[in-house]
Amino acid sequence: SDVPAARRVLDRMGMEHAFIDERCCQALVQLLGGERDPEAIEHNRKAIIAAGAERVVTLCPTCSHMLEADLDGTGIEVMPFIEVVAAAELPVSFDGVVTYHDPCDLGRKSGRGALGFDAPRKAIAATGATLEEMPRSREDSKCCGGGGGLRATYPALSVAMAKQRMEEIREMDAEYCLTDCPSCVHNLSNALKRKDKVQIMTTLRWLDSIMEEGGE
-12 SDVPAARRVL
-2 DRMGMEHAFI
8 DERCCQALVQ
18 LLGGERDPEA
28 IEHNRKAIIA
38 AGAERVVTLC
48 PTCSHMLEAD
58 LDGTGIEVMP
68 FIEVVAAAEL
78 PVSFDGVVTY
88 HDPCDLGRKS
98 GRGALGFDAP
108 RKAIAATGAT
118 LEEMPRSRED
128 SKCCGGGGGL
138 RATYPALSVA
148 MAKQRMEEIR
158 EMDAEYCLTD
168 CPSCVHNLSN
178 ALKRKDKVQI
188 MTTLRWLDSI
198 MEEGGE
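Numbering-wise (our numbering), the sequence shown opens with residue -12 and increments by one.
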């Protein structure tokens, strides 16, 4: 889970934070043609307002989209965690090679313009890591097959797309393939082969791990 990593990183940033007893945003239910549970939506809305939050930070870009709509009119800002990290410029270093997979909901579907593409790259660059960009990146990034309910409705196609993306990742010869969507991590990890040396993880967990190694 990225939650413990998020707690540690926020603590290192000195940012006051709290975690609520939230319910699932139910994006997948909506994507598959179902109706979201209004009680769950209202539970989250009330819990966030009661916490006195000025900003909600999510570990999933799809959750960001859903909460932006659910919190409309409250004045509460919603943003992906990677944007907070990028602005903080954490004092951590990494001498190695990484590549980055752009999640659909953080990048071209986010409505946040270039920010969804630039934030993770800024966070990576701040560590001194070498970022090897895949031929298809940023706006041209290829979907891993893990989103939009595809894995639930067409699992074979979802796996095939993940395998295709993994071929591009292997060409980068990177130690890590970073991304900022839990569905992307899950689907790409399912396409890993035993001989693969590259590790698939969120930028958040990667930053947390190298902070631990560096004693930051």
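Here a beta-carbon is modelled for each residue, glycine too, at the ideal position from N, C-alpha and C.
Source: prediction; values computed, not measured.
(1) Taking the C-alpha atoms as reference points, what is the distance between Glu200 and Gly21?
(2) Using the DSSP secondary-structure output, state which residues sit across from Ile187 in a beta bridge.
(3) Relative to the C-alpha of Ala167, which candidate in Ala37, Gly62 and Val72 has its C-alpha closest?
(4) Please confirm if Cys130 has its CB atom under 8 Å from at least one CB of chain D.
(5) Assuming contact is defined by CB atoms lying nearer than 8 Å, are Ala27 and Cys11 in contact in what I supplied?
(6) Looking only at its own chain, which residues have a Cβ that is under 6 Å from the Cβ of Glu126, when we skip the five neighbours before and after it?
(7) Just to confirm my understanding: we take His204, look at its own chain, exclude 5 residues before and 5 after, and list those with CB closer than 6 Å. What are they?
(8) Can you check which of these residues, Ile69, Val84 and Gly83, is closest to Phe104 by C-alpha distance?
(9) Rounded to a whole number of angstroms, what is the C-alpha to C-alpha distance between Thr140 and Leu191?
(10) Please report how far the alpha carbon of Arg152 lies from the alpha carbon of Asn177, in whole angstroms.
(11) Can you tell me which of the three DSSP states Met66 falls into?
(12) Mapping the DSSP letters down to three states, classify Thr140 as helix, strand or coil.
(13) Identify, in the order they occur along the chain, each residue of the same chain with its Cβ nearer than 6 Å to the Cβ of Thr114, setting aside the five sequence neighbours on each side.
(14) Count the other CB atoms, across all protein chains shown, that sit within 10 Å of the CB of Ile217; report buried if there are 16 or more and exposed otherwise.
(15) Compare the beta carbon distance of Ala38 and Ile7 with 8 Å and say whether it is the shorter of the two.
(16) In the DSSP assignment, the beta strand (DSSP E) including Val85 goes from what residue to what residue?
(17) Taking Cβ to Cβ, would you say Leu118 is nearer than 8 Å to Val172?
(18) With DSSP as the reference, please indicate the residues paired to Val43 in a beta bridge.
(19) Please state the DSSP three-state secondary structure of Leu93.
(20) Can you give me the Cβ contacts of Ala147 inside the same chain, cut-off strictly under 6 Å, excluding the 5 residues immediately before and after it?
(21) Can you give me the start and stop residues for the alpha helix (DSSP H) that Val241 sits inside?
So, from the data block:
(1) 44 Å
(2) Cys164
(3) Reading the sequence as shown, one finds Asp at residue 167 and not Ala. The residue with the shortest Cα to Cα distance from Asp167 is Val72.
(4) This model lacks chain D altogether; it includes just one protein chain.
(5) yes
(6) If you ignore the 5 residues before and after Glu126, its C-beta comes within less than 6 Å of the C-beta of Arg95, all in its own chain and listed in chain order.
(7) Nothing can be reported for residue 204, as the shown portion of the chain is limited to -12 through 203.
(8) Ile69
(9) 29 Å
(10) 12 Å
(11) Of the three classes helix, strand and coil, the one that applies to Met66 here is strand, per DSSP.
(12) Three-state result, Thr140: helix.
(13) Val79, Ser80 and Phe81
(14) No answer is possible for residue 217: it lies beyond the span of the chain, which begins at -12 and ends at 203.
(15) yes
(16) Val84 to Tyr87
(17) It is not a contact, given that the beta carbons lie outside the stated cut-off.
(18) Val65
(19) coil
(20) Around Ala147: no qualifying Cβ.
(21) Because the chain in this structure spans residues -12 to 203, residue 241 falls outside the shown range and cannot be described.
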